[in-house]
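K.L.:
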Amino acid sequence: MSGHSTYIPKSGFEKWLDARLPIIRLGYDAMVDYPTPRNLNYWWTFGGILTVLLLTQIVTGVVLAMHYTAHVDHAFASVERIMRDVNYGWMIRYIHSNGASMFFIATYIHMFRGLYYGSYKAPREVIWLLGCILFFLLIATAFLGYVLPWGQMSFHGAAVITNVIGAVPVVGGSILTWLQGGFAIDNPTLSRFFALHYLMPFMIAGVVGLHIWALHVPGNNNPVGVLIPQDLQRRDTVPFHPYYTVKDGFAIIVFLIMFSVFVFFNPNALGHADNYIPANPLVTPAHIVPEWYLLPFYAMLRAVPDKFGGVIVMFASIAVIFALPWLDTSKVRSNRYRPVAKQFFWLFVVTTLVLGYCGGQLPDAPVIPGVETFTLFDGQLNSYLWLTRLFTLMYFAYFLVVLPLLGLKETPLPVPPTISAPVLSHAGGDGGDGGAYGGSTHGGVVKPGAGYAGRPAVAEPERRG
Amino acid sequence: MRKLITAVAAAVACLTAAPALAAGGAEHPKDVKYSFEGPFGRFDQAQLQRGFKVYQEVCASCHSTNLVAYRHLAMRNAPFWDENYPNPNESPYARTIAAAAQIPDIDSETGDAILRPGTVADRIPNPYPNEAAARGANGGALPPDLSVITKARHGGADYIYSLLIGYPNPPRGLTVPAGQYYNKYYAGDLSSYWAPAGVEPEEAHDSVPKGGFLAMPPPLREGQVTFDDGTPATVNNMARDVGAYLQWVTEPKLIERKQTGLAVIIYLTLFAGLVYASYRRIWRNVAH
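Sequences listed follow chains A and B, in order.
Counting with our numbering, you get residues 16 to 480 for the letters of the first sequence.
Counting with our numbering, you get residues 170 to 457 for the letters of the second sequence.
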């Protein structure tokens, strides 16, 4: 969709700059004139929400770093001092700590949206791969950040996760020592985790730039999932501004309301009480759990009896997401026209939620208390261990069995040839190609002659949830 | 959309709350109706002052609050806040309380260790010179610092209250080790101390009492402090008030946070309405 640029420099300065560094042109083409399918629903607003969250995390994080002390003796107290003695420090710190959870909520919704509507399929594979890299960087950044307050969960969580690396045969021990900066989690670990936690958000910002660049070449996917042919661009798209700036803007504000409820009224609901106990290497918490957003992966790590096997399964669970564009064999993008795939999609959503729940439970605890069971290999059948194993299998089966086979077996519903066909029938009008883009009602915002057409004679826009 | 976000948030909260349930076999803390609860909650200043008195005369003989300075006591929403003294460093209350304390310091002329009267800038001193001394005086157990205690325990101030009143006589069949005290709100595993008479050991496993042993003896007894406002110093009242005080110690900005939050939510809601109206207007002629 990135056709030729329509930017026309007006003032003398714009003309001068455009001939030397066409940065206004870049911004104009990417954020103002960018042709966007007009049928995007609210699930498409999470990219904008994530951009706002990334900026929020960087700004609050830089301020926190001004007051934080990365030393095992001072880290815990310095975080608490930020909340007591720094002006609005409590707000900055709670925004940052809850912002991490919000980031994952939005990321997971963004990823599930891509999964449901087939946004990873040709010609958008590279967008998906960059997104997977972002997800991986996000997990790493969040994990490093959680260590910094140096509470009990910070310390023992870091111990569990770095020890995972130690399970790699032959070189694991050396890598572990190199990573920790010593033979145990200690001051060198904390200071390097702080340095890396400061670095990685800027790496994320860089990859976000590539992610958006890669998006703007083929253009957005859409709920119908069909590509918009060049000659229908004018009919089926609207300029990003003001149509999607206002729609994304509304969604961002609603998301911020939810974010604020956590920050101002329940800032510790998503954390663990043990992390307000200063780290003590000699006292291990009764129950070490990561933050909620890592629980599904933690569950899979624990479900495998062999330590190195667990590491492989955990990394494979993320690696398999990278391979998704080549695992799904269906030619149809949107699950709207794939009745069977749609059911498997929701089953997969449930699978990840159950895995997350299992990650927060003791593996030996019974799933249904009081039910007589028997020991199967190394654990009771009625235990979270076996429930996790079942759902780990379902997780991988979705990618490795269901998606490859379903594309070959399933008979999809008829897919509309263009996005305007369902849009217009949905809106109740008979459609037609509409008149030329008048620009009269939004004149000035979209230049007349930019040529976005396709206004059917429908008074009331229909919104999709 | 909002419904959806709430649903997601609720699901997330359930997921994270789940590990708490598996934490241990303790009685769920009693629910105290504190004035600071809810989005409109405020601290009850008289209660904070009573709680401070209990803390100072009872708790502070073993427990530290390393993060609390005397000036904090006179900040807005704090126990000794007075609007005539907007700068807490000038508060006569904070100054008087600080001056009564003896702070370990070094004589700047000779370098000798000395004790001097406190100033508002000083932090409330630790009752023990070091961790070994604290353990030595408490049978090997370290009395935890109380600076963030209500955030560091499930149940918060309710838990503090429950723990302080939660010392019943141990049930018959429970062997309490010397120097330990049975508390039904303290998380622990009592199965190896539980041998009720006339019950087979295998069956006894099903009736292990909830609770645990801790090294802190029941700290409060009737009439232990004299409240200046005439509130009867029952164990119940003292435990409730010190729970409120420790909530303030943990989150001195609690009220500021909730008040800011209300303004933020109102602002964002109005903003959302305005942007939604713009959205309707901009999209009104576009089928989508």
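Beta carbons: idealized from backbone N, C-alpha and C, even for Gly.
Computed from a predicted model, the values in this text were never measured in an experiment.
1. Under 7 Å, CB to CB, which of the residues in the segment 414 to 433 of chain B have a partner in chain A?
2. List the residues of chain B that A/L342 touches, going by C-beta distances under 9 Å, in chain order.
3. Per DSSP, A/L368 forms a beta bridge with which residues?
4. Between A/F170 and the rest of its own chain, which residues show a CB-CB distance below 8 Å, the 5 nearest in sequence each way excluded?
5. Where in the segment 190 to 226 of chain B do unbroken runs of the alpha helix (DSSP H), each at least 4 residues long, occur, reported from the N-terminal end onward?
6. So is B/H232 in contact with chain A if we call contact Cβ pairs under 8 Å?
7. Taking all protein chains shown into account, decide if A/D289 is buried (16 or more other Cβ within 10 angstroms of its Cβ) or exposed.
8. Could you check whether the Cβ of A/S275 sits closer than 8 Å to any Cβ belonging to chain B?
9. If the cut is a Cβ gap below 8 Å, which residues of chain B does A/K262 touch?
10. May I ask you to report which of helix, strand or coil DSSP gives A/L163?
11. Hey, A/H256 and A/A45: beta-carbon distance below 8 Å or not?
12. Give the secondary structure of A/R404 by DSSP, where H, G and I count as helix, E and B as strand, and everything else as coil.
13. Check whether the segment 67 to 78 of chain A and the segment 215 to 226 of chain A are in contact - that is, three or more C-beta pairs closer than 8 Å.
14. Please look up how many angstroms separate the CB atoms of A/I434 and A/N236, rounded, as I've assumed it's under 8 Å.
15. Note down the Cα distance separating A/G374 from A/A314, rounded to an integer number of angstroms.
16. Would you identify the three-state DSSP class for A/N113, choosing helix, strand or coil?
17. Alpha carbon to alpha carbon, what distance is there between B/F249 and B/I451?
18. Would A/F280 count as contacting chain B if we go by Cβ distances under 8 Å?
19. Short of 7 Å in beta carbon distance, which residues of its chain neighbour A/G187, apart from the five on each side in sequence? Order them along the chain.
20. The beta strand (DSSP E) with A/T192 in it runs from where to where?
21. Taking 8 Å as the threshold (C-beta atoms), are B/A243 and B/S260 in contact?
22. Would you kindly report the start and end of the unbroken beta strand (DSSP E) that includes B/A282?
23. Nearest-angstrom Cα distance between B/W363 and B/G342?
24. Could you list which residues in chain A have their beta carbon closer than 9 Å to that of B/P378, in chain order?
25. Using a 10 Å radius around the Cβ and a threshold of 16 neighbouring Cβ atoms, would you call A/I267 buried or exposed?
26. Of all Cβ atoms in chain A, is any one closer than 8 Å to the Cβ of B/T288?
27. Could you give the residue range of the alpha helix (DSSP H) that holds A/I267?
28. Please name the residue, chosen from B/G348, B/Y328, B/E369, that lies closest to B/A356 on a Cα-to-Cα basis.
29. Name, going along the chain, the residues of the segment 385 to 409 of chain A whose beta-carbon falls closer than 8 Å to a beta-carbon of chain B.
30. What do you get for B/E420, buried or exposed, if any count of 16 or more other CB atoms within 10 angstroms of its CB means buried?
31. So, are the CB atoms of B/D375 and B/G194 less than 8 Å apart?
32. Measuring straight from C-alpha to C-alpha, what distance separates B/R240 and B/L284?
33. Report yes or no: is there a C-beta of chain A within less than 8 Å of the C-beta of B/V444?
34. Leaving out the 5 sequence neighbours to the left and right, which residues in its chain are closer than 8 Å to B/G220 when beta-carbon positions are compared?
35. So, does the segment 109 to 119 of chain A touch the segment 311 to 326 of chain A, judging by three or more C-beta pairs under 8 Å?
36. Between B/G309, B/A310, B/L311, B/S331, which lies nearest to B/T319 when the distance is taken from Cα to Cα?
P.N.:
Put simply:
1. P421, K422, R426, K427, T429, G430, V433
2. Position 327 of the first sequence, counted from the first residue, corresponds to residue 342 of chain A. What A/L342 touches in chain B: nothing, since even the nearest Cβ is about 26 Å away.
3. Here residue 368 of chain A refers to the residue found at position 353 when the first sequence is read from its first residue. Its beta-bridge partners do not exist; DSSP assigns none.
4. To locate residue 170 of chain A, count along the first sequence from 1; it is residue 155. Excluding positions up to five away in sequence, the list reads V162, I200, A294, N295, P296.
5. 214 to 226
6. For the purposes of this step, residue 232 of chain B is identified with residue 63 of the second sequence, where counting begins at 1. For B/H232, the answer is no, since every Cβ of chain A falls outside 8 Å of its Cβ.
7. The residue given as residue 289 of chain A occupies position 274 in the first sequence. Buried is the call here.
8. Within the first sequence, numbered from 1, the residue matching residue 275 of chain A stands at position 260. Yes, its Cβ sits closer than 8 Å to a Cβ of chain B.
9. Taking the first sequence and counting its residues from 1, one reaches residue 262 of chain A at position 247. In chain order: Y448, W452.
10. Translated into positions along the first sequence, residue 163 of chain A becomes position 148. In this structure, A/L163 counts as coil in the three-state DSSP scheme.
11. Here residue 256 of chain A refers to the residue found at position 241 when the first sequence is read from its first residue. Here residue 45 of chain A refers to the residue found at position 30 when the first sequence is read from its first residue. In this structure, A/A45 does not lie closer than 8 Å to A/H256 by Cβ.
12. Numbered from its first residue, the first sequence carries residue 404 of chain A at position 389. It is helical.
13. yes
14. Stepping through the first sequence from its first residue, residue 434 of chain A is reached at position 419. Stepping through the first sequence from its first residue, residue 236 of chain A is reached at position 221. Rounded, the Cβ-Cβ distance is 10 Å, inconsistent with contact.
15. Numbered from 1 along the first sequence, position 359 holds the residue referred to as residue 374 of chain A. Numbered from 1 along the first sequence, position 299 holds the residue referred to as residue 314 of chain A. Taking the straight line from one Cα to the other gives about 4 Å.
16. The count along the first sequence starts at 1 and reaches residue 113 of chain A at position 98. Helix, per DSSP.
17. The residue given as residue 451 of chain B occupies position 282 in the second sequence. The residue given as residue 249 of chain B occupies position 80 in the second sequence. Looking at the two C-alpha atoms, the distance is approximately 54 Å.
18. Reading the first sequence from its first residue, position 265 is the one you call residue 280 of chain A. Chain B, which has a Cβ nearer than 8 Å to the Cβ of A/F280, makes this yes.
19. In the first sequence, residue 187 of chain A corresponds to position 172, counting from 1. So the qualifying residues of the chain are I180, G181.
20. In the first sequence, residue 192 of chain A corresponds to position 177, counting from 1. No beta strand (DSSP E) holds A/T192; the alpha helix (DSSP H) holding it covers 187 to 195.
21. Mapped onto the second sequence, residue 260 of chain B falls at position 91. Mapped onto the second sequence, residue 243 of chain B falls at position 74. Contact flag set, yes.
22. Here residue 282 of chain B corresponds to residue number 113 of the second sequence, with the count starting at 1. It spans 282 to 286 - the beta strand (DSSP E) in which B/A282 sits, taken as one unbroken run.
23. Translated into the one-based positions of the second sequence, residue 363 of chain B becomes position 194. Translated into the one-based positions of the second sequence, residue 342 of chain B becomes position 173. Near 6 Å, if we compare the C-alpha coordinates of B/G342 and B/W363.
24. Walking along the second sequence from the start, residue 378 of chain B turns up at place 209. By Cβ distance, chain A contributes nothing, its closest Cβ being about 18 Å from B/P378, past 9 Å.
25. Along the first sequence, read from residue 1 onward, the residue named residue 267 of chain A stands at position 252. When all chains shown are included, A/I267 counts as buried.
26. In the second sequence, the residue the question calls residue 288 of chain B occupies position 119. No, because no Cβ of chain A sits closer than 8 Å to the Cβ of B/T288.
27. As a position in the first sequence, residue 267 of chain A is number 252, starting the count at 1. Run containing A/I267: 255 to 275, per the alpha helix (DSSP H) assignment.
28. Against the second sequence, residue 356 of chain B aligns to sequence position 187. Checking every option, the nearest Cα to that of B/A356 belongs to B/Y328.
29. none
30. Here residue 420 of chain B is taken as the residue at index 251 of the second sequence, counted from 1. It counts as buried.
31. Position 206 of the second sequence, counted from the first residue, corresponds to residue 375 of chain B. Position 25 of the second sequence, counted from the first residue, corresponds to residue 194 of chain B. Contact: no.
32. On the second sequence, residue 240 of chain B is found 71 positions in, with the first residue counted as 1. On the second sequence, residue 284 of chain B is found 115 positions in, with the first residue counted as 1. Rounded to the nearest angstrom, the two C-alpha atoms are 19 Å apart.
33. The residue given as residue 444 of chain B occupies position 275 in the second sequence. Cβ-Cβ to chain A under 8 Å: yes for B/V444.
34. Indexing the second sequence from 1 puts residue 220 of chain B at position 51. Around B/G220: P248, D410, V411, G412, A413, Y414, L415, W417.
35. no
36. Your numbering for residue 319 of chain B matches position 150 in the second sequence. Comparing Cα positions, the closest option is B/S331.
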